[in-house]
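See below for the structure under consideration.
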Amino acid sequence: MKVALAHDYLNQYGGAERVLEVFCEIFPEAPIYTLFYDEEKTLGKFRGREIKTSFLNKEIVIKNHHLFIPLMPFAAAQLNLGSEYDLVLSSSAGYGKGISYGSKTAHISYCHTPLRYAWEFDEYLDWHPILKLATSSVAWYLRYWDYSAGQKPDALIANSRHIASKIQKYYNRQSEVLYPPVDLKTFYRDKKIQKAGYFLAAGRLLKYKRFDLVIDAFNKMKLPLLIVGGGPEVVNLRRMAKSSKINFLPFANDERLRVLYNGAGALIFPQEEDFGLVAAEAQACGTPVIAFSQGGAKEIAEEGKTGIFFHHQNAEDLIAAVKKFLLSKFDEDYIRNSAKRFSKEKFKNKILKIVSNAIIA
1 MKVALAHDYL NQYGGAERVL EVFCEIFPEA PIYTLFYDEE KTLGKFRGRE
51 IKTSFLNKEI VIKNHHLFIP LMPFAAAQLN LGSEYDLVLS SSAGYGKGIS
101 YGSKTAHISY CHTPLRYAWE FDEYLDWHPI LKLATSSVAW YLRYWDYSAG
151 QKPDALIANS RHIASKIQKY YNRQSEVLYP PVDLKTFYRD KKIQKAGYFL
201 AAGRLLKYKR FDLVIDAFNK MKLPLLIVGG GPEVVNLRRM AKSSKINFLP
251 FANDERLRVL YNGAGALIFP QEEDFGLVAA EAQACGTPVI AFSQGGAKEI
301 AEEGKTGIFF HHQNAEDLIA AVKKFLLSKF DEDYIRNSAK RFSKEKFKNK
351 ILKIVSNAII A
């Protein structure tokens with residue numbers, strides 16, 4: 001069976017790219033089709049793979065890709081695989097599912113979310129008013145395109161029940177839920193690492209991830225907070241941090257992240273995410289999560305057992321949740337065991353089963 005992988009674009013490294021990495025493990029010979037690729041920004045994770053890009057694979061696009069959103073559907077369609085492959089497996093939050101291929105090629109799309117810039121641009125482009133205005137003017141086109149692209153795959157896999165409901169809402173299609181994989185050989189409870197009394201927030205420093213809310217709360221509480229990650233908001237967030245107990249670390253590799261997860265009293269997860277791989281990784285290390293009670297976090301954490309929820313995205317609610325956490329006790333083994341449902345092995349086996357069923361059909 002000849003397989004091709006597809007991904008929206010490769011100029012960052014986050015949860016979606018972790019999923020693509022596992023696809024690469026399952027199908028080591030499969031080329032990757034993507035709009036553009038930056039080896040450095042993806043931390044060399046796909047070095048040595050055959051990667052085929054679109055006409056948007058230019059430095060100016062890679063550095064300012066949000067400015068080229070209206071061109072991306074066209075660029076995806078120009079990635080034409082012909083009839084060369086038996087199967088296309090796409091990892092998509094938008095454009096990967098819109099590539100072109102022959103009528104006899106099966107297509108399975110792992111959907112991280114329907115295209116945010118089509119359906120939820122108010123939320124995700126709020127940081128850039130001019131771009132928000134420009135994108136809103138073509139939102140009808142992006143919605144039409146994304147709906148049409150959402151009809152192409154033979155099977156859709158949602159990364160959470162939260163996203164399955166969006167697939168039903170925007171594409172009017174059913175999907176199978178399969179949570180993103182956590183490598184339990186990398187992320188585990190290391191008893192040699194003592195809890196160090198700090199709270200941890202980790203991820204790409206983007207506006208919608210609401211690290212500003214965490215800093216606001218911890219400025220007021222004067223509790224130790226460690227923020228790990230890089231991104232466009234880093235300067236603003238550093239400027240916001242008035243408490244001497246708030247510290248920043250740049251991007252950490254998986255081994256360093258494991259140490260940080262293990263040493264933290266809790267992970268702070270203030271954003272609404274499609275799933276929330278950081279939260280699942282922290283729990284694999286036996287660390288509870290203090291999370292905003294929307295999106296995928298509700299499918300990862302269990303109130304009072306593996307975490308604490310707060311229900312409004314403001315500092316006051318987060319402070320109340322932290323205070324509740326400090327008065328609570330958690331069972332590390334229970335938390336760690338709850339994360340086994342996200343294991344990479346289970347993910348691989350399920351993908352292979354779905355692929356087998358699609359090819360037979």
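Just so you know, full-length UniProt numbering puts 160 at position 160 of the sequence shown, and the rest follows in order with no gaps.
Backbone N, C-alpha and C fix where the C-beta goes; we use that ideal spot for every residue, glycine too.
Local conformation of I32 per DSSP, three classes: Numbered from its first residue, the sequence shown carries residue 32 at position 32. Strand, per DSSP.
The alpha helix (DSSP H) enclosing F324, as first and last residue numbers: Here residue 324 refers to the residue found at position 324 of the sequence shown. For the sequence presented, residue 324 should be read as Lys rather than Phe. Note, K324: alpha helix (DSSP H), A315 to L326.
Where G44 falls, given that 16 or more other Cβ within 10 Å makes a residue buried: Within the sequence shown, residue 44 is the residue found at index 44, counting from 1. By the 10 Å Cβ count, G44 comes out exposed.
Residues bridged to I227 (per DSSP): Position 227 of the sequence shown holds residue 227. Paired residues: A201 and F248.
Range covered by the beta strand (DSSP E) that runs through V88: Residue 88 sits at position 88 when you count from the first residue of the sequence shown. From DSSP, the beta strand (DSSP E) with V88 extends over L87 to S92.
Per DSSP, cross-strand counterpart(s) of V289: The residue given as residue 289 occupies position 289 in the sequence shown. Beta-bridge pairing links V289 to L267 and G307.
Residue from I246, Y261 and K245 with nearest C-alpha to A252: Here residue 252 refers to the residue found at position 252 of the sequence shown. Considering only alpha carbons, the answer is Y261.
Alpha helix (DSSP H) runs contained entirely in the stretch 128 to 193, provided each spans 4 or more residues: 129 to 137, 139 to 150 and 161 to 171
C-alpha distance - S165 paired with S244, whole-angstrom precision: Residue mapping note: residue 165 aligns to position 165 of the sequence shown, counting from 1. Residue mapping note: residue 244 aligns to position 244 of the sequence shown, counting from 1. Near 42 Å, if we compare the C-alpha coordinates of S244 and S165.
Through-space distance from V322 to H312, alpha-carbon basis: Numbered from 1 along the sequence shown, position 312 holds the residue referred to as residue 312. Numbered from 1 along the sequence shown, position 322 holds the residue referred to as residue 322. So the two alpha carbons sit approximately 14 Å from each other.
Range of the contiguous beta strand (DSSP E) that encloses A339: Locating residue 339 in the sequence shown gives position 339, where the first residue counts as 1. Where A339 is concerned, there is no enclosing beta strand (DSSP E), given that its DSSP letter is neither H nor E.
Rounded C-alpha distance that separates E84 from F46: Taking the first residue of the sequence shown as position 1, residue 84 is located at position 84. Taking the first residue of the sequence shown as position 1, residue 46 is located at position 46. Each residue's Cα considered, the two are about 22 Å apart.
Closest by C-alpha distance to Y171, when choosing among T186, A149, D190 and L200: Translated into the one-based positions of the sequence shown, residue 171 becomes position 171. The option with the nearest alpha carbon to Y171 is A149.
Cβ-based burial, Y37 [other Cβ within 10 Å; buried from 16]: Mapped onto the sequence shown, residue 37 falls at position 37. Buried is the call here.
Contact test: L89 Cβ vs the ligand SAH heavy atom, cutoff 6 Å: Absence of the ligand SAH is noted for the structure shown, with no ligands found whatsoever.
Where N236 sits in the DSSP three-state scheme: Here the question's residue 236 lines up with position 236 in the sequence shown. If DSSP states are grouped into helix, strand and coil, N236 belongs with the helices.
Residue nearest to G15 in terms of C-alpha spacing, selected from Y101, V138, R204 and G263: One-based indexing of the sequence shown puts residue 15 at position 15. Ranking the options by Cα distance to G15, first place goes to R204.
For N57 and Q12, the rounded distance between their alpha carbons: Counted from its first residue, the sequence shown places residue 12 at position 12. Counted from its first residue, the sequence shown places residue 57 at position 57. Each residue's Cα considered, the two are about 14 Å apart.
CA nearest to the CA of D190, picked from T34, V235, D333 and S356: Walking along the sequence shown from the start, residue 190 turns up at place 190. Checking every option, the nearest Cα to that of D190 belongs to D333.
Beta bridge counterpart(s) of G295 as assigned by DSSP: As a position in the sequence shown, residue 295 is number 295, starting the count at 1. The partner list for G295 (beta bridge, DSSP) reads E273.
Beta-bridge partners of L20, as assigned by DSSP: Counting from one through the sequence shown, the residue named residue 20 turns up at place 20. Answer is none; L20 lacks a bridge partner.
Pairwise C-alpha distance: W119 and S92: Here the question's residue 92 lines up with position 92 in the sequence shown. Here the question's residue 119 lines up with position 119 in the sequence shown. Distance between the alpha carbons of S92 and W119 is about 15 Å.
Counted within 10 angstroms of its Cβ, other Cβ atoms place K209 as buried (16 or more) or exposed: Start at 1 with the first residue of the sequence shown, and residue 209 comes out as number 209. Counting Cβ neighbours within 10 Å, K209 comes out buried, since at least 16 surround it.
Distance between R49 and I354 (C-alpha atoms, nearest Å): Here residue 354 corresponds to residue number 354 of the sequence shown, with the count starting at 1. Here residue 49 corresponds to residue number 49 of the sequence shown, with the count starting at 1. So the alpha carbons of these two residues sit roughly 24 Å apart.
Proximity of I32 and L71 at Cβ, strictly below 7 Å: Taking the sequence shown and counting its residues from 1, one reaches residue 32 at position 32. Taking the sequence shown and counting its residues from 1, one reaches residue 71 at position 71. No, these two residues do not count as a Cβ contact at 7 Å.
One or two residues paired with A284 in a DSSP bridge: Taking the first residue of the sequence shown as 1, we reach residue 284 at position 284. BP columns for A284 are empty, so no partner.
Selection from V177, Y101 and E39 that minimises the alpha carbon distance to G296: Numbered from its first residue, the sequence shown carries residue 296 at position 296. G296 has its Cα closest to that of V177, out of V177, Y101 and E39.
Buried or exposed by the 16-neighbour rule on C-beta atoms within 10 Å, applied to E272: By one-based count along the sequence shown, residue 272 stands at place 272. By the 10 Å Cβ count, E272 comes out buried.
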